[in-house]
Amino acid sequence: MAGLMVAIAILEDLPIRDPDDVMPGYVQFPLIVLAAIALDILPRVAHRARLRATWRPSSLRGLLREVVGERWPASHWWFALNGLLAWYLCYATFRNVKSMAPFVNGREWDSTLAEIDRFLFAGHDPAAVLHAWFGTGLAAHLLSFVYVAWIALVPVSIAIALVWTRHTSAGAWFVTALAVDWVLGALLYLLVPTVGPIYSDAAMFEELPRTYVTTLQEGMWQDRVAVLADPRGADTLQTIAAFASLHVGIMVTICLVVRLVGLPRWVQASAWAFLALTVLSTVYLGWHFAADVVGGVALGAFAVWLAGIATGNREGWRVRLVRSEPAAAPLDPVGASDARPAVPE
Numbered sequence: 194m195a196g197l198m199v200a201i202a203i204l205e206d207l208p209i210r211d212p213d214d215v216m217p218g219y220v221q222f223p224l225i226v227l228a229a230i231a232l233d234i235l236p237r238v239a240h241r242a243r244l245r246a247t248w249r250p251s252s253l254r255g256l257l258r259e260v261v262g263e264r265w266p267a268s269h270w271w272f273a274l275n276g277l278l279a280w281y282l283c284y285a286t287f288r289n290v291k292s293m294a295p296f297v298n299g300r301e302w303d304s305t306l307a308e309i310d311r312f313l314f315a316g317h318d319p320a321a322v323l324h325a326w327f328g329t330g331l332a333a334h335l336l337s338f339v340y341v342a343w344i345a346l347v348p349v350s351i352a353i354a355l356v357w358t359r360h361t362s363a364g365a366w367f368v369t370a371l372a373v374d375w376v377l378g379a380l381l382y383l384l385v386p387t388v389g390p391i392y393s394d395a396a397m398f399e400e401l402p403r404t405y406v407t408t409l410q411e412g413m414w415q416d417r418v419a420v421l422a423d424p425r426g427a428d429t430l431q432t433i434a435a436f437a438s439l440h441v442g443i444m445v446t447i448c449l450v451v452r453l454v455g456l457p458r459w460v461q462a463s464a465w466a467f468l469a470l471t472v473l474s475t476v477y478l479g480w481h482f483a484a485d486v487v488g489g490v491a492l493g494a495f496a497v498w499l500a501g502i503a504t505g506n507r508e509g510w511r512v513r514l515v516r517s518e519p520a521a522a523p524l525d526p527v528g529a530s531d532a533r534p535a536v537p538e
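By this note's numbering, the letter at position 342 of the sequence shown is numbered 535, and the numbering carries on one by one without gaps.
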């Protein structure tokens, strides 16, 4: 996809930018991973210091070396850093290709997708149906919170997959699946460009109260107008594209991966519940058509399958977790005692 980004930039005379305006992504994501590493190491050091009743600096340094040696051998450093670099490259490429989509394909498919939605909902707009069911007051604030929480979920899930798990085959599967989500999403943005109901039919959402999402939607539209008017002078990326819904696609990926790697039932149930809320929020708030949701489900499921094949988590053409190493390294959430019994991951 990086090659596609460079080709479009050359052919359309468009700039390639860092996707994050406030703090560069190449600074932001390493900081998140470093914070996750600190949370992985420091509580274990403190726990062992308490058990051994020693808080002298020299003893703490020894415990730090002990924990780092157990939790962070060279192989895991390589896994985490390589995974972070590969994922960030894919993410930055995705954001740039998404911004370039209106210059590559000027047609907008919103009216077509709106017709599909009304066909699926017996002549009604799905967003209007949700507004009638849930009202346009408290529900808007709650679903706005869900939408924003999703934004934080992705970097946190990456940190878990690269830092806290010791099943590297599971972590590689998940991170690769997210990368496939980005690649497929970018291709669909080029093939089926849309802006979403909030922009193509803004009147439908006028009764919704002002929330953080409202501010976000306004800011994204301003960025789009600026980029389309002067892509080099705008000094930002436009981030509006609706088909397929990557919010839904990535949540489907998360749900399927946590099921396939055998995480606890409460984790699986929480993931599926959050997926349902994500579907509601994206349609209710006007980010996506119902057709985008269907596309997102298919995209997320296919990404899990393709990533499973690519990372060797397979039996023939059927994906399943392959444990490439024994779970010998303990995964005690607060540290281990001198005996350090292994806890199932």
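Yeah, the Cβ is synthetic: ideal placement off N, Cα and C, and Gly gets one too.
Three-state secondary structure assigned by DSSP to residue i
i	result
Val512	strand
Arg533	Reliability fails at Arg533, whose pLDDT of 40 lies under 50, so the model's placement of it is uncertain and no value is given.
Arg154	Because the chain here runs from 194 to 538, residue 154 falls outside it and cannot be looked at.
Arg507	strand
Phe436	coil
Pro236	helix
Trp366	helix
Leu401	coil
Residue j beta carbon less than 8 Å from that of residue i
i	j	result
Ala483	Asp310	yes
Ala365	Gly276	yes
Tyr340	Leu439	no
Ala434	Pro386	yes
Arg241	Leu430	no
Thr361	Phe272	yes
Met194	Val376	yes
Thr404	His334	yes
Val472	Val460	no
Leu409	Thr329	no
Tyr392	Trp414	yes
Leu371	Trp480	no
Gly539	Ala437	A query on residue 539 cannot be resolved here, the shown segment of the chain reaching from 194 to 538 and no further.
Pro319	Val445	no
Leu514	Ala352	no
Val238	Leu256	yes
Element boundaries [alpha helix (DSSP H), containing residue i]
i	result
Trp280	Ala267 to Val297
Trp326	Pro319 to Phe327
Gln410	Tyr405 to Ala422
Ile391	Pro390 to Ser393
Cα-Cα separation, residue i to residue j
i	j	result
Ser337	Ala419	25 Å
Leu355	Glu308	42 Å
Ala496	Arg243	45 Å
Ile443	Pro250	44 Å
Phe200	Asn289	One detail in the question is off: residue 200 reads as Ala in this sequence, not Phe. Roughly 12 Å between the two C-alpha positions.
Arg254	Arg245	14 Å
Pro295	Leu421	8 Å
Does the pairing of the stretch 443-458 with the stretch 308-327 give three or more beta-carbon distances under 8 Å? no
Practice task
Indicate whether the contact test is met: 3 or more Cβ pairs, each with one atom in the stretch 256-268 and one in the stretch 226-236, closer than 8 Å.
Solution key: yes
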